[in-house]
Amino acid sequence: MAKVKIEDLGEEFAWGSRVSGVNLENLEDVDLREELAQLLKDRGLIVFQDLEPSSELQVAISTVFGPLKDHPTKSTARADTDLAEGVIEIDYGGQHAAADTDHGLVGHNGKKLISFLPWHFDHTYNDELNYAGVLRPMIIAPEMGRTGYADGIEIWNRLPADLKARIEDKAVLYTLDVRLTQMPFGRYFETYGDLPHMAGNVEESKSFPRAIHPMVWTRPDGQKVAHYCGFSAVGLENHEDPEGNALFEEALQEMYKVITPYWHDWKLTDMLIWDNSRVLHSVEGCDPKYPRRVHRTTIRGDYGLGRFEHGKKIGEVMREGVAPLALPEGVA
Ligand SMILES: [Fe+2]
Numbered sequence: 548m549a550k551v552k553i554e555d556l557g558e559e560f561a562w563g564s565r566v567s568g569v570n571l572e573n574l575e576d577v578d579l580r581e582e583l584a585q586l587l588k589d590r591g592l593i594v595f596q597d598l599e600p601s602s603e604l605q606v607a608i609s610t611v612f613g614p615l616k617d618h619p620t621k622s623t624a625r626a627d628t629d630l631a632e633g634v635i636e637i638d639y640g641g642q643h644a645a646a647d648t649d650h651g652l653v654g655h656n657g658k659k660l661i662s663f664l665p666w667h668f669d670h671t672y673n674d675e676l677n678y679a680g681v682l683r684p685m686i687i688a689p690e691m692g693r694t695g696y697a698d699g700i701e702i703w704n705r706l707p708a709d710l711k712a713r714i715e716d717k718a719v720l721y722t723l724d725v726r727l728t729q730m731p732f733g734r735y736f737e738t739y740g741d742l743p744h745m746a747g748n749v750e751e752s753k754s755f756p757r758a759i760h761p762m763v764w765t766r767p768d769g770q771k772v773a774h775y776c777g778f779s780a781v782g783l784e785n786h787e788d789p790e791g792n793a794l795f796e797e798a799l800q801e802m803y804k805v806i807t808p809y810w811h812d813w814k815l816t817d818m819l820i821w822d823n824s825r826v827l828h829s830v831e832g833c834d835p836k837y838p839r840r841v842h843r844t845t846i847r848g849d850y851g852l853g854r855f856e857h858g859k860k861i862g863e864v865m866r867e868g869v870a871p872l873a874l875p876e877g878v879a
């Protein structure tokens, strides 16, 4: 049986791990599965390296960490394989160059980029989070296109004490309208119009209640996690006023000051999993002339602290055939 090697992500990080040597055969070992599941709980992120690139292995590794959460829409592309239940395919770029428009591009560090995304956690706009996201690259841009990760425990530990005291009991309102052109807090980029396919979610967001998540939460192991983002946020619960807006903006700017991300430069033999209730992520973007494709699986499991405004439950707000959880899932 191939030997599995587990290392720290890097000496500059107190979180994250690298694992190599995993294959379909050794994944049947119950002890290894338990060790890997615990590793994600402890370290927040695992980079699997030197894998045989296959959907079968992606699904097999994903299920080590919990049941898969299938995508709720029929319109989202599934990976073209019969082993890909729960695997979705996300395409960016490429076609954009032919469209001859800047719409949907983002300006950052003097470049116009496709598929840029600011720091966020997934499913902000929903009351229920997913435990973990899993990414495997299929087409890699020849330059840029990295995904950034940052540990919420580390962020919390580095925030100024006076700010911590002011945000510890606060919660953030998030909307389904995730257009970057409309993002009011924590901007550090320019926008050049919206992608046309965003219109459906904008319409849906008008009747979809806002979701609320705490800015800070405490894990079962007692560690506190800074867990907030500007992406899809519209303000602080019960503080949609100048004072609350200023506090939220301050909290975001302080987060950007203390964040020390791990930027993952993809290889086709990589797969990466992160704990969505702890680790924030960001997409660097790339030149719109380059195609980029990833396969994504999502692990079910909620931290249980999200809710909708006015005490609504998801069953009350979902309509048959409409799945507002769809679009931002593609933001990997
Ligand atoms: Fe994301």
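According to this note's numbering, the sequence shown is numbered sequentially starting from 548.
The beta-carbon is built from N, C-alpha and C at its ideal position, and this holds for glycine as well.
By the neighbour-count criterion, in which 16 or more other beta carbons inside 10 Å mark a residue as buried, Pro707 falls on the exposed side.
Proximity to Gly591 across Asn785, Val826, Ala793 and Leu783 peaks at Val826, based on C-alpha coordinates.
Counting along the chain, the unbroken alpha helix (DSSP H) around Pro789 starts and ends at Pro789 to Val805. Taking the CA atoms as reference points, Ala584 sits about 30 Å from Ser779.
Counting C-beta atoms within 10 angstroms of its own C-beta, Val577 has fewer than 16 neighbours from the protein chains shown and is therefore classed as exposed.
Taking 8 Å as the cut-off, the Cβ atoms of Ser564 and Glu572 do not count as close.
Remark: the C-beta of Asp669 is in contact range of ligand 1, defined as less than 7 Å to any heavy atom. Contact fails between the region 745-761 and the region 796-811, because fewer than three Cβ pairs, one in each stretch, are under 8 Å apart.
Checking the DSSP bridge columns, you'll see Lys552 partnered with Ser567. One Cα belongs to Thr807, the other to Lys550, and the distance between them is close to 32 Å. Between Asn823 and Phe668, the gap from beta carbon to beta carbon is short of 8 Å. If you draw a straight line from the Cα of Asp812 to the Cα of Arg734, it comes to about 24 Å. Residue nearest to Glu599 within the set Ile593, Met685 and Val611 is Met685 (criterion: CA-CA distance). A residue is called buried when at least 16 other Cβ atoms come within 10 angstroms of its Cβ; Gly557 does not meet this threshold and is exposed. Per DSSP, Asp698 is one residue of the beta strand (DSSP E) stretching across Thr694 to Asp698. For Gln596, the secondary structure class from DSSP, reduced to helix, strand or coil, is strand.
Between the alpha carbons of Asp617 and Val681 lies a distance of about 13 Å. Here Glu581 is exposed: its Cβ has fewer than 16 other Cβ atoms, across all protein chains shown, within 10 Å. The Cβ atoms of Trp562 and Ile700 sit closer than 8 Å to each other. A straight-line Cα-Cα distance of about 40 Å links Arg854 and Lys836. Closest by C-alpha distance to Lys659, out of Thr671, Tyr696, Met691 and Gly858, is Met691. At a cut-off of 3 residues, the continuous stretches assigned as beta strand (DSSP E) that sit fully inside the region 660-741 are 664-667, 679-686, 694-698 and 718-721.
Assignment of beta-bridge partners to Arg766 by DSSP yields no partner. Within 7 Å of the C-beta of His828 there is at least one heavy atom belonging to ligand 1.
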